[in-house]
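Heads up: take any position in the sequence shown, counting from 1, add 1, and you land on the numbering used here.
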Amino acid sequence: MVDSRLLGLVEHSRKYIVLGVLVQWIGLLGSIAAVLSMSFVLQQAWAGQVTRKLILSVTAIVIAAIAVRCLCNYAASMLSYRASVNAKKTLRSQIYGKLLKLGPAYTDHTSTSGVIQVAVEGVEQLETYFGRYMPQLFYSLLAPVTLFITLSFVSFKAAIILLVCVPLIPVSIIVIMRMAKKLFRKYWGSYVNLGHSFLENVQGLTTLKIYGTDQEKHQEMNTAAEDFRKMTMKVLTMQLNSVAVMDLIAFGGAAAGVLVAVSEYSAGHIGLAGALIIVLLSAEFFIPLRLLGSYFHIAMNGMAASDKIFQILSTEELVQGKKSIETTDIRLDQVNFAYDERDTLRNISMDIPQGSFISIVGESGSGKSTVAGLIVGHHEGYRGSLTVGGTELAAISEESRMRYMTWIGFNSYIFKGTVEANLKMGNEHANEEQMLEVLRQVKLYDFILSQGGLEVELEEQGANLSGGQRQRLALARALLHDSSVYIFDEATSNIDSESEAGIMEVIHALAGSKTVILISHRLENVVQSDRIYVLQNGLVAESGTHHELLSQQGHYAEMYLSQHQVEQFVKGGAVYA
Ligand SMILES: Nc1ncnc2c1ncn2[C@@H]1O[C@H](COP(=O)(O)OP(=O)(O)OP(=O)(O)O)[C@@H](O)[C@H]1O
2 MVDSRLLGLV EHSRKYIVLG VLVQWIGLLG SIAAVLSMSF VLQQAWAGQV TRKLILSVTA
62 IVIAAIAVRC LCNYAASMLS YRASVNAKKT LRSQIYGKLL KLGPAYTDHT STSGVIQVAV
122 EGVEQLETYF GRYMPQLFYS LLAPVTLFIT LSFVSFKAAI ILLVCVPLIP VSIIVIMRMA
182 KKLFRKYWGS YVNLGHSFLE NVQGLTTLKI YGTDQEKHQE MNTAAEDFRK MTMKVLTMQL
242 NSVAVMDLIA FGGAAAGVLV AVSEYSAGHI GLAGALIIVL LSAEFFIPLR LLGSYFHIAM
302 NGMAASDKIF QILSTEELVQ GKKSIETTDI RLDQVNFAYD ERDTLRNISM DIPQGSFISI
362 VGESGSGKST VAGLIVGHHE GYRGSLTVGG TELAAISEES RMRYMTWIGF NSYIFKGTVE
422 ANLKMGNEHA NEEQMLEVLR QVKLYDFILS QGGLEVELEE QGANLSGGQR QRLALARALL
482 HDSSVYIFDE ATSNIDSESE AGIMEVIHAL AGSKTVILIS HRLENVVQSD RIYVLQNGLV
542 AESGTHHELL SQQGHYAEMY LSQHQVEQFV KGGAVYA
């Protein structure tokens, strides 16, 4: 009933929970004072011994007790709000922090839609757990004990009977919890599944339309939505049934209290005041636990979501080193790496001296991006040695790694905001002149100026730019980063030939002053490299300069010549067209 892992996560909320319990308890003492004084005055009135002074003082006590109860209720709800706000904030920042630590590799462990659902809806569901359920749980233990002590002075027998009935509610909660745990897990599974297919289908809507498969996906989503509806109905049915059971116990227990009071009064064991106290306070015995039962259902949903939160939080992250580096000679020595059981890279050895221009080529799936990912630090768990400036990669701090290395993939992300804001991600201190200069280098200057300059607003994912413009803007941002190593992983894929030529020009210019690691399918782009590594099935099959590799007449020469022939043919075709 208490999840110590969850409580451990949100230390700051604990004090609000404790204070919440305390003010509820003070409120209960107020109620007890009001009931005792009212019962006493009624007994006196029944006996014809009531005085004006007694009525006035009891009225004052009752008003004060009601005021205390109201104040305590208000304070309890404020503290509950504080506890839940604090918990939500802490959990969301922990999830966010974890994603940052996992870096781009987070998708290896969880889907984007899963993260969104857990961080938004899942954390929201935990609001009741921290704000309502936890304070109510402790108050539900304290209240019956307090009432038992009070009533034991009136009638020990009645106090014992009421106390014995109380545990029936937590017992029913535990039984329901056992039965419902699996159901809630399934409920969350189907919710995440629905969110996943929704996000994927919305993102891929254009592709679905092109291939006319949107109707099929529509049906799939309807099925997922129907599954989720059925699961929600099952959860609601379970909740209503368990509420009915708890009501039965709570009202049955209160009725038992009334019966005991009547029988004790008839037997002459207690007076009228005693009977009234038992009748009025017996409901208080059960109300806290009955309320706990209601919160428990919502809290259970949150606890099921918390499993997903812990799944994300316990994901093993890259071990971050502490060392910083001064030089950036990169050396891979007999590196092996596996995503799963099969080795994707085998005995890879590469020498990438500072300031050199190195290319990695090979057929699709040969392991080029995996090598780049290892050098950037996206993957951990490689065997062999990968050093930068003589320091093993794993020992280098993330900050140092980010400073010396810039990675540009084939689909760089442009954020919603101004061109300036996107460029400043590369270097927050860049001034206007520097920004315009890099735009000039990537041949985007005229276009951006014609659109309104650095202040021009870009849409999400740079949707109001062409693919080539997006890549060139990403390159401009990378240039501002001014790191000593640049890795281009198919940075010119899927873009127009003019943009490709522009980007390649910048890459070749960079190669004079920076370390450039270029991955390209188009071998014409790698001809000028100081060294070309040719990968085949995760192995370095050949290496050397373009001319050395051509003279070896191996895999590279074969790939280069066939590409060259195709390109000549296309060019020729264009001439005669
Ligand atoms: N996240 C991953 N999980 C499991 N296997 C992966 C993952 N990423 C890549 N692979 C596998 O590793 C192998 C090498 O992939 P990699 O992306 O490094 O190849 P590549 O040479 O860059 O290919 P391409 O030229 O098509 O980009 C492929 O067989 C691929 O299926």
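Backbone N, C-alpha and C fix where the C-beta goes; we use that ideal spot for every residue, glycine too. Nothing here was measured: the structure is a model prediction, and the numbers come from that model.
Check	Outcome
Enumerated in chain order, which unbroken segments of the alpha helix (DSSP H) with a length of 4 residues or greater are wholly contained in the region 131-190?	135-153 and 157-166
Where does G503 fall in DSSP's three states?	helix
In three-state DSSP terms, what is V362?	strand
Heavy atom of ligand 1 less than 7 Å from the Cβ of T371, yes or no?	yes
Buried or exposed: where does M436 fall if 16 or more other Cβ atoms within 10 Å of its Cβ makes it buried?	buried
To the nearest angstrom, how far is it from the Cα of Y577 to the Cα of F489?	Caution is warranted here: a pLDDT of 39 is assigned to Y577, below 50, making its placement in the model unreliable, and the coordinate value is therefore given only provisionally. Answer to the nearest angstrom: the Cα atoms are 35 Å apart.
Starting from L103, trace the alpha helix (DSSP H) both ways and give me its first and last residue.	R53 to L103
If you follow the alpha helix (DSSP H) that A339 is in, where does it begin and where does it stop?	That residue, A339, is in no alpha helix (DSSP H); its beta strand (DSSP E) goes I331 to A339.
Flag Y383 as yes when its Cβ comes closer than 7 Å to any non-hydrogen atom of ligand 1, and as no otherwise.	no
Could you give the distance in angstroms between the alpha-carbon of P354 and the alpha-carbon of G513?	13 Å
Using a Cβ-based criterion (distance less than 7 Å to any ligand heavy atom), does E433 qualify as near ligand 1?	no
State the start and end residues of the unbroken beta strand (DSSP E) segment that holds A542.	L540 to G545
When you compare only the Cα positions, how much space is there between H547 and E456?	44 Å
Starting from S283, follow the alpha helix (DSSP H) in both directions and report where the run begins and ends.	L273 to L314
Excluding sequence positions up to five away, which residues of its chain have a Cβ less than 8 Å from the Cβ of V167?	P145, G254, F286, F287 and L290
Does the beta-carbon of Y557 have 16 or more other beta-carbons within 10 angstroms, so that it is buried, or is it exposed?	buried
CB-CB under 8 Å to E468, same chain, minus the five flanking residues each way: which ones, in chain order?	For the sequence presented, residue 468 should be read as Gly rather than Glu. If we look at G468 and ignore the five residues flanking it on each side, its Cβ neighbours are N495, I496, D497 and S500.
Could you say if the region 203-220 and the region 125-145 meet the contact criterion of at least three C-beta pairs nearer than 8 Å?	no
Go ahead and label N526 buried or exposed: buried means 16 or more other beta carbons lie within 10 angstroms of its beta carbon, across all protein chains shown.	buried
Please indicate yes or no: does the CB of E285 lie closer than 7 Å to some heavy atom of ligand 1?	no
When every heavy atom of ligand 1 is checked, does at least one fall within less than 7 Å of the C-beta of G1?	Within the shown structure, residues of the chain are numbered from 2 to 578, placing residue 1 beyond reach of any answer.
Cβ of E491 within 7 Å of any heavy atom in ligand 1?	yes
Does the region 417-429 come into contact with the region 362-374, if we say contact requires no fewer than three beta-carbon pairs (one atom in each stretch) closer than 8 Å?	no
Check for me: the beta strand (DSSP E) holding I520 runs from which residue to which?	T516 to I520
Is the beta carbon of S588 within less than 7 Å of some heavy atom of ligand 1?	Residue 588 cannot be examined here, being either before or after the span of the chain that is shown, 2 to 578.
Using 10 angstroms around the beta-carbon of T233, count the other beta-carbons present and answer buried if the total reaches 16, otherwise exposed.	exposed
The alpha helix (DSSP H) spanning Y405 covers which residue range?	E399 to Y405
If you draw a straight line from the alpha carbon of L249 to that of S264, how long is it in whole angstroms?	22 Å
Return the bridge partner residues of V486 from the DSSP annotation.	M406 and T516
Does the beta-carbon of E543 have 16 or more other beta-carbons within 10 angstroms, so that it is buried, or is it exposed?	buried
Just the C-alpha distance for A575 and Y561, rounded to the nearest angstrom, thanks.	Unreliable placement is indicated for A575, whose pLDDT of 46 sits below 50; the coordinate value is still reported in the next sentence. So the alpha carbons of these two residues sit roughly 21 Å apart.
By DSSP's criteria, M351 is part of a beta bridge. Which residues make up the other side?	L333
For L29 and R70, what's the separation of their Cα atoms in angstroms?	7 Å
Please list, in chain order, all residues of the same chain as V119 whose beta carbon is under 6 Å from its beta carbon, the five residues on each side excluded.	K309 and I310
Cβ-heavy atom distance between S367 and ligand 1 below 7 Å?	yes
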